[in-house]
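A short write-up of the structure that comes next.
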Amino acid sequence: MRYIDEFRRPQLARSLLATIEARSTRPVRFMEFCGGHTHAIFRYGLRQMLPPTVSLRSGPGCPVCVTANSDLDQALALARQSDVILATFGDMMRVPGSRGSLQMAKAKGADVRIVYSTLDALEMARLNPHRPVVFLGVGFETTAPTVAAAIVQAEAEGLENFTVLSLHKLTPPATRAILDAGEVRLSGIIGPGHVTTVVGSKAWEFVPHEYAIPCAVAGFEPVDILRAVAALVDMAESGRPAVANTYSRSVRPEGNRTALQLVDQVFEVNEANWRGLGPVPDSGLRIRSEYARFDAALTFPLHPGPTREPKGCRCGEVLRGTVEPPDCPLYRRTCTPARPIGPCMVSAEGVCAAWFRYGERP
Ligand code: SF4
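So for the sequence shown, the numbering used here puts the first residue at 62; every next one is plus one.
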């Protein structure tokens, strides 16, 4: 644990805060894309420690939260097919779709099973050769390589009963969509550390080049995040926007080529529907035609019916960064982690859950 402790050292954090305060002369607002960053920022109270000139705004970086209700409804319709085993990561279970959640479907008899990796889902398919096993592919660039690997493995083994409902999403196009919309004034972006380990820091160069604001890729410890904020303040003050890699112990400019090649072998980029952002060009991954027999969307062409959003829930705006959870009239009143109304309160990476858990109140 000594290695991680270095990134939690109070003296280092204090020194970075002093640097930020000394350098910051005008108001700036930075968006942390990633839900992991949001939770770290709240957990360590970093918002409150920053000088009043520096504010942070949470973005759409929670894969569970940005899954559109129409896609959730598709997953629910799949789960209700007789014989189907739907394998999913646990954080999808309680997310409410238009007509209930996977947990509710399971309570009514659907065979929905929680897995901890795609390998678990493959094993499920091997053990149940006469039943279709569908893996619910929800996640960003970090998850997609593991799902691609599972599909390649299924093909190598000749597994006939394994398919994937690919709802994977890509983070740079979503950031671009937020910047293009211009609903929230941003002075810089805190780039997602784990995603950038895969895609490489070069993937964020469009931020300074096209939007003339800086981007700093950050790790998940308090010192990591403060380093990124210090780099952003420095670039904003100097008027020289660039991409700063403050997570160099994990991130390389070119990313993880093996993972990227595997994803490219199995998936192709397409438009994806994001909660809050709507359809975003080139922001999703669909399974290539060469692997079509592993595509649950083709194997089970379902039409789950009209989509309904949770009444009063402002998750869409929270995910775009235009409002914060206390702006939602349901926050802490009818919507709590025990009885969540929207996905941002369900997920361990959700913004509303972070506000609730770490105590910022309206
Ligand atoms: Fe949705 Fe609940 Fe967040 Fe309001 S507090 S935006 S209802 S998840």
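Cβ atoms here follow ideal geometry from the backbone N, Cα and C, with glycine treated the same way.
The structure displayed is predicted, hence computed values, not measured ones.
Query                                                                                                               : Result
Val337 CB to nearest heavy atom of the ligand SF4 below 7 Å                                                         : Note that residue 337 is Gly in the sequence shown here, rather than Val. No - the ligand SF4 has no heavy atom lying nearer than 7 Å to the Cβ of Gly337.
Nonlocal neighbours in the same chain, by C-beta distance under 7 Å from Gly120, ignoring five residues either side : Met92, Glu93, Phe94, Ile239 and Gly382
N- and C-terminal bounds of the beta strand (DSSP E) containing Met92                                               : Val89 to Cys95
Any non-hydrogen atom of the ligand SF4 within 7 Å of Gly61 CB                                                      : Here the chain has residues from 62 to 423 only, and residue 61 is not among them.
Inter-stretch contact (C-beta, 8 Å, three-pair minimum) for the stretch 219-239 and the stretch 73-80               : no
Span separating the alpha-carbon of Ser116 from that of Leu293                                                      : 12 Å
Cα-Cα separation, Gly411 to Lys372                                                                                  : 18 Å
DSSP bridge partner residues for Phe328 (one or two, in chain order)                                                : Ile348
Arg310, buried or exposed, once every other Cβ within 10 Å from all chains shown has been counted against 16        : exposed
Cβ contact (3+ pairs, closer than 8 Å) linking the stretch 268-275 and the stretch 237-254                          : yes
Backbone secondary structure at Tyr308 - three-state DSSP                                                           : coil
Buried or exposed (CB count within 10 angstroms, at least 16 for buried), Arg318                                    : exposed
Val127 versus Asp152, Asn189, Val327 and His270, residue with shortest Cα-Cα distance                               : Asp152
CB-CB length for Phe196 against Pro124, believed under 8 Å                                                          : Actually they are not in contact, since the Cβ atoms of Phe196 and Pro124 sit about 14 Å apart, beyond 8 Å.
Contact belief for Val284 with Arg69 at Cβ below 8 Å, rounded distance in angstroms                                 : 7 Å
Status (buried if at least 16 other CB within 10 Å, exposed otherwise) for Thr395                                   : exposed
CB of Gly316 within 8 Å of CB of Val278, strictly                                                                   : no
Nearest-angstrom Cα separation, counted from Asp172 out to Gly252                                                   : 38 Å
Alpha carbon of Val312 to alpha carbon of Thr80, nearest angstrom                                                   : 24 Å
Backbone CA spacing between Thr397 and Arg192 [nearest angstrom]                                                    : 37 Å
Beta-carbon proximity of Val156 to Pro404, cut-off 8 Å                                                              : yes
Under 8 Å between C-beta atoms of Ala186 and Val194                                                                 : yes
Cβ neighbour criterion (16 or more within 10 Å) applied to Glu282                                                   : buried
heavy atom of the ligand SF4 below 7 Å from Tyr392 C-beta                                                           : yes
Beta carbon of Val259 nearer than 8 Å to that of Ala320                                                             : yes
Cβ-Cβ distance between Pro387 and Trp416 below 8 Å                                                                  : yes
Inter-residue spacing [alpha-carbon to alpha-carbon] between Ala129 and Asp295                                      : 37 Å
The stretch 102-110 / the stretch 129-145 touching (three or more Cβ pairs under 8 Å)                               : no
Any non-hydrogen atom of the ligand SF4 closer than 7 Å to Ile81 Cβ                                                 : no
Coarse secondary structure for Arg192, derived from DSSP in three states                                            : coil
Cα-Cα separation between Tyr308 and Pro314, rounded to whole angstroms                                              : 11 Å
DSSP three-state assignment for Cys126, whether helix, strand or coil                                               : helix
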